[in-house]
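Asks:
In the working numbering, the protein residues as written are 117 to 788.
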């Protein structure tokens, strides 16, 4: 018989008296003595085995077992080639009898056991023995044991210690598998899912997508656990713990069964970041995730917190995430000041720009700003549209801004990106760094911050065929896609791009002087809270499918609401309807051509035929490309044929073609 010392211990502060025992353990019958028939067991151990847990819940008839396993190795490895064992563990988990917490990236060597018996008595054990056959039967370990009624100060201390280990280091094991099996009734399908899970990865997802999902899960859990969301300084930034002191932002991710080539690329992509990759484990900080995203994809981490719905941003330059959605102030003056700043930038068109249509240009700038503010919400729209069986690619528009080289397109995009990032994102991605692979990788990023590319030739976009059906073919609610914006000197691209884009024309040339450059740079740098309040109002509103084709309607109305709260009049150029429809440069071109009698019209079998007697075919294409795709325009010889017919064309042109008195204009009906 091993060493045993028994006594009673009285705790001075409370007067609680409990049975105390210090003993040597090394026999399996001692294991059974403590655990057999227990109602509940809470355990922290460095190592255990699935076999031990199954035996405790089966042979020992323990009612419920909750265990924190501190070994840094991947716990799933113990289930390799053992899907039947994984099936038993998952059923016990779903029945509420078993909860396993693993500690990815952490070596937790504590051994702590809290055992609840019938009648409410507890056995509390602090020992060096692991929860395993070896730990209790083939090793010699010492244990400190307390027998209590469950109401003493030592009970409280043990429970607090257990909860500290579980909540600080634990990650619930098998939760992902249970979620995948939740609605599965067919046993064969269940078996296939478990087989795939035991292999270590979901074969339905790419390694990039799976890693990025894990990244964002870890970052979002950090936000949920560590951030004070409604502190006094909530209008400025989030508060973290005790003034940010002592907050641990590190986490670990298992890379078991990830391809060795992928892990090698991951090591290369993680250089000079907070990420380290060793063997089958990745360790990072929350900042390291955004450092990786910015290097790999050219965009930071932005996401909606699962618990609160708030919008957060994490950049590679910041140690902690920033809460972007903030309460709208009651003061109308505060909102008024921020809206005035936005208008001041847009109205540089009047002060420094040269254009024949200043109101139209300013409306297009504001339309672009609405799109950028709306962009982080695109996945919420995708979810609603998918349920309504709508075509995502044609209803979730890309942004395409074109104009002359001095039209301020890239500068505008920088301004807009700064406004939705509290000034932390100061530039878009350069087109020279973008290729087909960059576009394809967008579907793996799991960030809602928009992806913006500057100075890109339209021929390059034409090669990015992934954009044709990226949302319809690849989007799911498991992984967020970023909205995408392009800036180009080229006029409207091919029809399939136009059909999927909000096309804005910055029909202006800015005078480039030291004074104008300094003034615009100053306006860009200024802080602005509008997006912080805008995002809160957008979160509070619901995505609806109206009887209109304006996807940005809700975002447009949110700006109107901010102006209402500011007691500020909407500027005359504010686009209450899509600016690309109200202020159409294509419409202006066609109107001018009509007034100058450059073409004749005739109706033929429901189509409208516009004949240009004196223009060459290449010039006709410039007219055809300015017509909205819904009007189905095509070039035939020296004619532009409008498939949607005269009435639809007149509605768009806002002209009655039968009333024109130009020398060449006439309308005839042809029936053959």
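All C-beta atoms, glycine included, are put in the ideal place defined by N, C-alpha and C. Just so we're clear, the structure is a prediction, and the values are computed from it rather than from any experiment.
Sorted by chain position, which residues of the same chain lie with C-beta nearer than 8 Å to residue 419's C-beta, five sequence neighbours on each side aside?
Replies: 332, 335, 336, 427, 428, 562, 563, 564, 596
Asks: Specify whether the region 119–131 and the region 229–248 touch according to this definition: at least 3 beta carbon pairs, one from each stretch, less than 8 Å apart.
Replies: No, they do not touch.
Asks: Would you mind working out which of 542, 376, 477 sits nearest residue 569, comparing C-alpha positions?
Replies: 542
Asks: Unbroken beta strand (DSSP E) runs of length 3 or more, entirely within the region 162–196: which are they?
Replies: 180–185
Asks: Beta-carbon within less than 6 Å of residue 770's beta-carbon, same chain only, minus the 5 sequence neighbours each way: which residues are those?
Replies: none
Asks: Measure the beta-carbon distance from residue 648 to residue 440 and round it to whole angstroms, keeping in mind my assumption that it falls under 8 Å.
Replies: 6 Å
Asks: Grab me the residues of residue 346's own chain with a C-beta within less than 7 Å of its C-beta, minus the 5 sequence neighbours each way, in chain order.
Replies: The predicted model places residue 346 with a pLDDT of 39, which falls under 50 and marks its position as unreliable; any figure quoted below should be read in that light. No residues qualify anywhere along the chain.
Asks: In whole angstroms, what separates the C-alpha of residue 398 from that of residue 369?
Replies: 5 Å
Asks: Rounded to whole angstroms, what is the Cα-Cα separation between residue 166 and residue 501?
Replies: 43 Å
Asks: If you compare alpha carbons, which of 338, 574, 450 is closest to residue 437?
Replies: 338
Asks: Please report how far the alpha carbon of residue 168 lies from the alpha carbon of residue 554, in whole angstroms.
Replies: 48 Å
Asks: With a threshold of 6 Å on Cβ separation, who are the neighbours of residue 123 within its own chain once the five nearest residues in sequence on each side are excluded?
Replies: Cβ contact annotation for residue 123 (same chain, cutoff 6 Å, sequence separation greater than five): 136, in chain order.
Asks: Please classify residue 629 as buried or exposed, where buried requires at least 16 neighbouring CB atoms within 10 angstroms.
Replies: Its Cβ having fewer than 16 others within 10 Å, residue 629 is exposed.
Asks: Among 536, 582, 395, which one has its Cα closest to the Cα of residue 551?
Replies: 582
Asks: What span of residues does the alpha helix (DSSP H) with residue 381 cover, start to end?
Replies: Segment 376–385, the alpha helix (DSSP H) holding residue 381.
Asks: Do you know how far the Cα of residue 690 is from the Cα of residue 626?
Replies: So the two alpha carbons sit approximately 21 Å from each other.
Asks: Please report how far the alpha carbon of residue 182 lies from the alpha carbon of residue 322, in whole angstroms.
Replies: Looking at the two C-alpha atoms, the distance is approximately 33 Å.
Asks: Output the distance between the C-alpha atoms of residue 366 and residue 401, rounded to the nearest integer angstrom.
Replies: 4 Å
Asks: For residue 531, collect the residues of the same chain with a Cβ closer than 7 Å to its Cβ; drop the 5 residues on either side in sequence, then sort them by chain order.
Replies: 461, 640
Asks: Pairs of beta-carbons, one from the region 598–607 and one from the region 571–581, closer than 8 Å: are there three or more?
Replies: yes
Asks: Pick out the complete beta strand (DSSP E) segments inside the region 212–253, 3 residues or longer, and give them in chain order.
Replies: 214–218, 228–232, 238–243
Asks: Tell whether a beta-carbon distance below 9 Å holds between residue 578 and residue 624.
Replies: The Cβ atoms of residue 578 and residue 624 lie no closer than 9 Å to each other.
Asks: Use the C-beta contact count for residue 243: other C-beta atoms within 10 angstroms, 16 or more gives buried, fewer gives exposed.
Replies: buried
Asks: Mind checking whether residue 290 and residue 216 have CB atoms under 9 Å apart?
Replies: Going by C-beta atoms, residue 290 is nearer than 9 Å to residue 216.
Asks: Please name the residue in 234, 448, 387 whose C-alpha comes closest to that of residue 683.
Replies: 448
Asks: Compare the C-beta of residue 313 against all C-beta atoms of chain C and say whether one is closer than 9 Å.
Replies: The structure shown contains no chain C; it holds only a single protein chain.
Asks: Could you give the DSSP three-state label for residue 392: helix, strand or coil?
Replies: The answer is strand: DSSP assigns residue 392 an E or B state.
Asks: Kindly indicate the opening and closing residues of the beta strand (DSSP E) around residue 418.
Replies: 417–420
Asks: Check the C-beta distance from residue 598 over to residue 536 and give it rounded, since I have them as a contact under 8 Å.
Replies: That pair is no contact at about 12 Å.
Asks: By DSSP, does residue 258 sit in helix, in strand, or in coil?
Replies: It is a strand residue.
Asks: Thinking just about the alpha-carbon of each residue, which of 193, 503, 616 is nearest to the one in residue 592?
Replies: 503
Asks: Grab me the residues of residue 789's own chain with a C-beta within less than 6 Å of its C-beta, minus the 5 sequence neighbours each way, in chain order.
Replies: The requested residue 789 is not part of the displayed model; the chain covers only 117 to 788.
Asks: For residue 280, is the classification buried or exposed, using 16 other Cβ atoms within 10 angstroms of its Cβ as the cut-off for buried?
Replies: exposed
Asks: Hey, residue 403 and residue 385: beta-carbon distance below 9 Å or not?
Replies: no
Asks: Using the C-alpha atoms, what's the distance from residue 548 back to residue 621?
Replies: The C-alpha of residue 621 lies about 23 Å from the C-alpha of residue 548.
Asks: Which same chain residues end up closer than 7 Å to residue 636 when comparing Cβ atoms and leaving out the 5 residues on each side of it in sequence?
Replies: Contacts found: 464, 527.
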